[in-house]
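*Asks:* Protein chains in written order, with my numbering: chain A, 151 to 631; chain B, 151 to 631. The C-beta atom is built at its ideal place from N, Cα and C for all residues, glycine as well. Source: prediction; values computed, not measured. A single structure is presented below for examination.
As structure tokens, then:
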């Protein structure tokens, strides 16, 4: 097997062929990664930070070339991709700052207490260390922010881990280019060889996640692929933490008090829905609106005004189209249509599927993710109906409520959203994930395989740090922690 | 199926028969637990603390009765059991204090930044909430500290979760008594009905860990039982965090500089080894000593001077004896014998299995846990041999090094232990787990299914808290977080 790029706007394949990484190559990569971990994990945090900063600088220095290459493989457009590179290097630098300030990596001292049990105890120094070699699986929808050197790789390296990365098959050239730039910057900054490695192919992914030398995994992508890797990680002789982001059906609730102008609301909804051709993990998936015909008419009008954008790959389009058909055959939606999309390349027609809340049966709207230009709009008569529906949702990355501050229904909706979401936004769409310490990108399954962790923001480091306590040690032997 | 107590000193069964909890009863319990969670999770932290304090007071008030009942079911002796109750109520009160101080449960504010991307962002309030209903599986070796109302239950309740507890079959009466006392105290303190529940039987355990209403599990016990529950939790449609402590082979390294008197060292070793009849998860499992005949002679002498204590149950004895035979048939140990044990009741003869490091083959000494009065002593010529052996160990709760401060070999041994252990003790045996903020009770698998967490100390709460971020909310709507 092998991988080759395809242009989403035309469907044409182009560029070099990347053969699958062999098991023998994988063995060499992992041995080298373990050796690098043992050095890197004992490298002072500030020095790790300087090496990460060198990567951020190098990526910024190549931003035009990287954005152009990624656009040819993903069709996401230069403005979005240039912004994503800036976002990625900004995120890398937040970890540099955290390491410089000793955040997350400084040991805490619990001094000895000279007292009878239970109060008395020896001195404890609670330190953290990188969990080991981390396997990272690049996502197709963020060729920079969640790929070869995105938040997962940066947070694992910041934590003192080495990383082994599986390139996403829909942007192999961008993956290789990022890797080459990052590798040169790391080596130039004195990091050990083998600290990062890149491989290709499904069998490479299986080989690394099942290898005893690997201590954790991180993945952003489809439920099918992510769950298969999660299952492999958990069925090992020694199971390991696997941080998967496996898809999210994000709920949005518009209360009657939450808008004044139908056009403004509908414009913002369609903007959020079609951002990145609907391929954001935080797109508004199911939007509850009061049953007011003016709103729907405006949504239909806005939808019809936008030019379709291509999907990332043939596989993404196929999965999206299949899931949308499955959803449409399950429930009696009224379908709002956008402009007809190009029949060449990886385009799908944008659609909004509308259903009154009293016609929902089963859990299809919360179980079928249409990852692409498709939204579901539920019209409701009573907020009670909305709450009842939200109870069927397993877990989501983000939810939104649009409301006036004094709306008597707001509290109940906020609580219902907080029960199932990692982030709840007030009068704002779920798309737009700020890189900041207060961010939480991860909710209950399937939006994350561990609802305790975030993959965005400096807390992302916590996924790869394990505590080690030194009991009763003399200061001179633990002074470097 | 049903459960009945047996006296470890005689083997005689006694007391009431506890039938297995039926699936219908389990359904009712879980519905009630979910309802209690929804109330408790929104109860102010300090108020949750007051209810926990009432339980600690009630357990202390019944300590003689509880210790006596537990002694009849476990044979652990009144001094140890009385101490364990004090340890348990002390641990509950550390959570009360943490809640009173707002530790772990206070939201952190990330104020809005008015700047262009990437720096600019809305206000984020990063709060935490209890993960949901938690299934807790009582351990047999700690009828108070890791059972019905030990650290797992206390930390889950402190985090705002409700709990459903499976009683351990080797102390059903003690389990029921603790439950009755705790339930009365919680209700008296105004906690919701259904906040804690108790069930019996293997099928009850399977029912709760696979039910969609349950959001996390915690277990301390054998690898076989714990791994089966872990696998059930991970193979659900929606996998959940499962915090298992599945056994630990704890390494101890004595450097030549680490002792001055063979008798003192050997006495302390045998004390630690036979504590609780060897049924501590932190007992010294594999002890590396310099090849000095005087040391072994003292160990043999000390071993022969102790009276055997019973094991907790017929099943514990059977498993211990089988594993010890398996280990002895795998490697050419020289066997040091203790006093012959009683042939009635659940006794096993204490033994120390001795092997020179150059006769170790395979990984049996690090894969076969003899949970009971059995120790392995490895005599070595060179510290390099010890390091090579430690690299075979997957993960352990605790390790110890005995050394002088200026021993040139100390650093390498400490690093080798820190790679595989959650806690490393200096010139101290691994037994004796202080309840304090700096504690780390959990290492890589199998000692813990999540090496990121501890089950002892106030950090144990972190296992049951998930972050939820409120983005852009007006203060009046999130002021209670």
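Quick one: what does DSSP say residue 316 of chain B is sitting in, helix, strand or coil?
*Replies:* By one-based count along the second chain, residue 316 of chain B stands at place 166. Strand, per DSSP.
*Asks:* How would you list, in chain order, the residues of chain B whose beta-carbon sits under 8 Å from the beta-carbon of residue 626 of chain A?
*Replies:* In the first chain, counting from the first residue as 1, residue 626 of chain A sits at position 476. 555, listed in chain order.
*Asks:* Residues in the stretch 583 to 597 of chain A with C-beta within 9 Å of chain B's C-beta atoms, listed in sequence order?
*Replies:* Result list: 584, 585, 586, 587, 588, 589, 590, 591, 592, 593, 594, 595, 596.
*Asks:* Do residue 602 of chain A and residue 377 of chain B have their C-beta atoms within less than 7 Å of each other?
*Replies:* Working through the first chain from its first residue, we reach residue 602 of chain A at position 452. Working through the second chain from its first residue, we reach residue 377 of chain B at position 227. No, these two residues do not count as a Cβ contact at 7 Å.
*Asks:* Which parts of the stretch 429 to 512 of chain B are runs of the beta strand (DSSP E), unbroken and 3 residues or longer, counting only runs that do not cross its ends?
*Replies:* Taking only runs of at least 3 residues, the beta strand (DSSP E) segments lying wholly in the stretch 429 to 512 of chain B are 434 to 440, 484 to 487, 501 to 506.
*Asks:* Does the beta carbon of residue 276 of chain B come closer than 7 Å to any beta carbon on chain A?
*Replies:* Here residue 276 of chain B refers to the residue found at position 126 of the second chain. Residue 276 of chain B counts as touching chain A.
*Asks:* Going along chain A in order, which residues have a C-beta closer than 9 Å to the C-beta of residue 544 of chain B?
*Replies:* Along the second chain, read from residue 1 onward, the residue named residue 544 of chain B stands at position 394. 362, 387, 388, listed in chain order.
*Asks:* Can you list, in chain order, the residues of its chain with a C-beta nearer than 7 Å to that of residue 195 of chain B? Leave out the 5 residues immediately preceding and following it.
*Replies:* By 1-based counting over the second chain, the position of residue 195 of chain B is 45. Excluding positions up to five away in sequence, the list reads 249, 252, 255.
*Asks:* With DSSP collapsed to three states, give me the class of residue 549 of chain B.
*Replies:* Along the second chain, one-based indexing puts residue 549 of chain B at 399. Looking at residue 549 of chain B - three-state DSSP - the assignment turns out to be strand.
*Asks:* For residue 364 of chain A, collect the residues of the same chain with a Cβ closer than 6 Å to its Cβ; drop the 5 residues on either side in sequence, then sort them by chain order.
*Replies:* On the first chain, position 214 is the one that residue 364 of chain A refers to. 283, 285, 358, listed in sequence order.
*Asks:* Quick one: which chain B residues come within Cβ less than 7 Å of residue 579 of chain A?
*Replies:* Here residue 579 of chain A is taken as the residue at index 429 of the first chain, counted from 1. Near residue 579 of chain A there are no residues of chain B at all, since even the closest Cβ is about 11 Å away, more than 7 Å.
*Asks:* Given a cut-off of 7 Å, decide if residue 395 of chain A and residue 206 of chain A are closer than it, judged by their beta-carbon atoms.
*Replies:* Within the first chain, the letter at position 56 stands for residue 206 of chain A. Within the first chain, the letter at position 245 stands for residue 395 of chain A. No, the pair does not count as a contact, with Cβ atoms beyond the cut-off.
*Asks:* Compare the C-alpha of residue 557 of chain A against each of A:631, A:406, A:465 and name the closest.
*Replies:* In the first chain, counting from the first residue as 1, residue 557 of chain A sits at position 407. For the residues A:631, A:406, A:465, the minimum Cα distance to residue 557 of chain A belongs to A:406.
*Asks:* For a contact meaning CB atoms closer than 8 Å, what does residue 281 of chain A contact in chain B?
*Replies:* As a first step, residue 281 of chain A must be located in the first chain, where it is residue number 131. Going along chain B in sequence order, the residues near residue 281 of chain A (Cβ under 8 Å) are 601, 602.
*Asks:* Could you tell me which uninterrupted beta strand (DSSP E) segments, each at least 3 residues in length, are contained entirely in the stretch 338 to 411 of chain A, listed from first to last along the chain?
*Replies:* Counting only runs of 3 or more, we get 346 to 349, 364 to 370, 392 to 395, 400 to 404.
*Asks:* Anyone know if the C-beta pair for residue 464 of chain B and residue 350 of chain B falls short of 7 Å?
*Replies:* For the purposes of this step, residue 464 of chain B is taken as residue 314 along the second chain, with counting starting at 1. For the purposes of this step, residue 350 of chain B is taken as residue 200 along the second chain, with counting starting at 1. No. Outside cutoff.
*Asks:* For the alpha helix (DSSP H) that residue 556 of chain B lies in, which residues bound it at each end?
*Replies:* Along the second chain, one-based indexing puts residue 556 of chain B at 406. Residue 556 of chain B -> no alpha helix (DSSP H), and no H or E assigned at all.
*Asks:* Would a check of beta-carbon distances place residue 384 of chain A closer than 7 Å to chain B?
*Replies:* Mapped onto the first chain, residue 384 of chain A falls at position 234. Closer than 7 Å: yes.
*Asks:* According to DSSP, simplified to helix, strand and coil, what is residue 426 of chain A?
*Replies:* Position 276 of the first chain holds residue 426 of chain A. Three-state DSSP puts residue 426 of chain A in a helix.
*Asks:* With H, G and I counted as helix, E and B as strand and the rest as coil, what does DSSP make of residue 169 of chain A?
*Replies:* Working through the first chain from its first residue, we reach residue 169 of chain A at position 19. Of the three classes helix, strand and coil, the one that applies to residue 169 of chain A here is strand, per DSSP.
*Asks:* With a 10 Å radius around its C-beta and 16 neighbouring C-beta atoms as the bar for buried, classify residue 340 of chain B as buried or exposed.
*Replies:* Taking the first residue of the second chain as 1, we reach residue 340 of chain B at position 190. Exposed is the call here.
*Asks:* Going straight from the alpha carbon of residue 231 of chain B to that of residue 320 of chain B, what length do you get?
*Replies:* Mapped onto the second chain, residue 231 of chain B falls at position 81. Mapped onto the second chain, residue 320 of chain B falls at position 170. Spanning the two alpha carbons is a distance of roughly 15 Å.
*Asks:* Hey, does residue 260 of chain A have any beta-carbon neighbour from chain B nearer than 7 Å?
*Replies:* Mapped onto the first chain, residue 260 of chain A falls at position 110. Yes, residue 260 of chain A counts as interfacial toward chain B.
*Asks:* Got a sec? Which residues, its chain only, sit under 7 Å from residue 632 of chain A by beta carbon, not counting five neighbours each side?
*Replies:* Within the shown structure, residues of chain A are numbered from 151 to 631, placing residue 632 of chain A beyond reach of any answer.
*Asks:* How would you write the range of the alpha helix (DSSP H) that residue 590 of chain A sits in, first residue to last?
*Replies:* Within the first chain, the letter at position 440 stands for residue 590 of chain A. No alpha helix (DSSP H) holds residue 590 of chain A; DSSP gives it neither H nor E.
*Asks:* Leaving out five residues before and five after residue 173 of chain A in sequence, what residues of the same chain have Cβ atoms less than 7 Å from its Cβ?
*Replies:* Position 23 of the first chain, counting from 1, holds the residue named residue 173 of chain A. Cβ within range, chain order: 357.
*Asks:* Quick one: list the residues of chain A neighbouring residue 619 of chain B, beta-carbon separation under 8 Å, in chain order.
*Replies:* Here residue 619 of chain B is taken as the residue at index 469 of the second chain, counted from 1. Ordered by position in chain A, the residues that pass the 8 Å Cβ test against residue 619 of chain B are 572, 573, 574, 588, 589, 590.
*Asks:* Going by alpha carbons, who is nearest to residue 272 of chain A out of B:630, B:621, B:589?
*Replies:* Within the first chain, numbered from 1, the residue matching residue 272 of chain A stands at position 122. Ranking the options by Cα distance to residue 272 of chain A, first place goes to B:589.
*Asks:* For residue 271 of chain A, would you say it is in contact with chain B, using Cβ-to-Cβ distances shorter than 7 Å as the test?
*Replies:* As a working mapping, residue 271 of chain A is identified with position 121 in the first chain. With 7 Å as the cut-off, residue 271 of chain A counts as an interface residue toward chain B.
*Asks:* Whose CA, out of B:389, B:581, B:573, lies closest to the CA of residue 360 of chain B?
*Replies:* Within the second chain, numbered from 1, the residue matching residue 360 of chain B stands at position 210. Nearest C-alpha to residue 360 of chain B: B:389.
*Asks:* Can you look up residue 235 of chain B in the DSSP assignment and give me helix, strand or coil?
*Replies:* Stepping through the second chain from its first residue, residue 235 of chain B is reached at position 85. Here residue 235 of chain B sits in helix by DSSP.
*Asks:* Along chain A, which residues have their Cβ under 7 Å away from the Cβ of residue 229 of chain B?
*Replies:* Stepping through the second chain from its first residue, residue 229 of chain B is reached at position 79. Within chain A, no residue comes near residue 229 of chain B; the closest Cβ sits about 12 Å away, beyond 7 Å.
*Asks:* Are residue 287 of chain B and residue 392 of chain B touching if we call contact CB-CB under 7 Å?
*Replies:* Position 137 of the second chain, counted from the start, is the residue given in the question as residue 287 of chain B. Position 242 of the second chain, counted from the start, is the residue given in the question as residue 392 of chain B. No, the pair does not count as a contact, with Cβ atoms beyond the cut-off.
*Asks:* For residue 226 of chain B, which of helix, strand or coil comes out of DSSP?
*Replies:* Along the second chain, read from residue 1 onward, the residue named residue 226 of chain B stands at position 76. Coil at residue 226 of chain B, not helix or strand.
*Asks:* So which of B:400, B:375, B:501 has the shortest CA-CA distance to residue 573 of chain B?
*Replies:* Taking the second chain and counting its residues from 1, the one referred to as residue 573 of chain B is at position 423. When each option's Cα is compared against that of residue 573 of chain B, the closest is B:400.
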